[in-house]
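Numbering (my numbering), first residue to last: 3 to 202.
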């Protein structure tokens, strides 16, 4: 069913391009001009700085400052908070991408991954300050209002999901879960006598 809908939608869009070639060309040029003349110049310095912070490990040190607060309020593990921090700092779709990678690496469980996806993806501060506030609104809107509405609603969503939905109630201490995962992988790959467990 999903494949049929995707095929029909693609076919409809293809015929629309053939029927309205002038509009297609005009709006394609508008999109490219908007990206090249507005979005790229405004975001490029922040993208370079973000890459430097990630490569040098400075992002990890910055995130450690607020880690205790987010673990207490939102019940996130350290790995989960790192995904949230990158999602806020780098913007779409970094939060969802890091969450998926952590789940595949079994550093967070399915509950925490689902919980994170409800509020870990948001526009980056660079995009909001440079494009939305300065370009789209011509600097006529207060930055505090924009940041407050977007990030406030984001955090409120995460907080409500933690309180309302029981399956998103998380444990801050993940050592036992991590040890269980390691033990399970060991037992699946090696003979029983070669697996070890700590005394505590």
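We treat Cβ as the ideally placed atom computed from N, Cα and C, and that holds for glycine.
- Message: Please identify the residue among 100, 101, 41 whose C-alpha is closest to the C-alpha of residue 138.
- Response: Residue numbering aside, residue 138 sits at position 136 when the chain shown is read from its first letter. Nearest neighbour of residue 138 by Cα position, chosen from 100, 101, 41, turns out to be 41.
- Mapping DSSP to helix, strand and coil, what is residue 39? Mapped onto the chain shown, residue 39 falls at position 37. The answer is helix: DSSP assigns residue 39 an H, G or I state.
- Take residue 131 and list the residues in its own chain whose beta-carbon comes closer than 7 Å to its own, dropping the five residues that flank it on each side. Along the chain shown, one-based indexing puts residue 131 at 129. These residues qualify, in order along the chain: 145.
- Message: Does residue 96 come out as helix, strand or coil in the three-state DSSP assignment?
- Response: Your numbering for residue 96 matches position 94 in the chain shown. Note: residue 96 maps to helix in three-state DSSP.
- Which residues bound the alpha helix (DSSP H) around residue 117? Position 115 of the chain shown, counted from the first residue, corresponds to residue 117. Looking at the DSSP string, the run of the alpha helix (DSSP H) that includes residue 117 is 112-119.
- Query: Just the Cα atoms here: how many angstroms apart are residue 57 and residue 71?
  - Reply: The count along the chain shown starts at 1 and reaches residue 57 at position 55. The count along the chain shown starts at 1 and reaches residue 71 at position 69. Answer to the nearest angstrom: the Cα atoms are 25 Å apart.
- Query: Just the Cα atoms here: how many angstroms apart are residue 135 and residue 77?
  - Reply: Counting from one through the chain shown, the residue named residue 135 turns up at place 133. Counting from one through the chain shown, the residue named residue 77 turns up at place 75. Cα-Cα distance, rounded: 32 Å.
- residue 122 lies in the alpha helix (DSSP H); which residues open and close that run? The residue you call residue 122 lines up with position 120 of the chain shown. Premise fails: residue 122 is in no alpha helix (DSSP H) and is neither H nor E.
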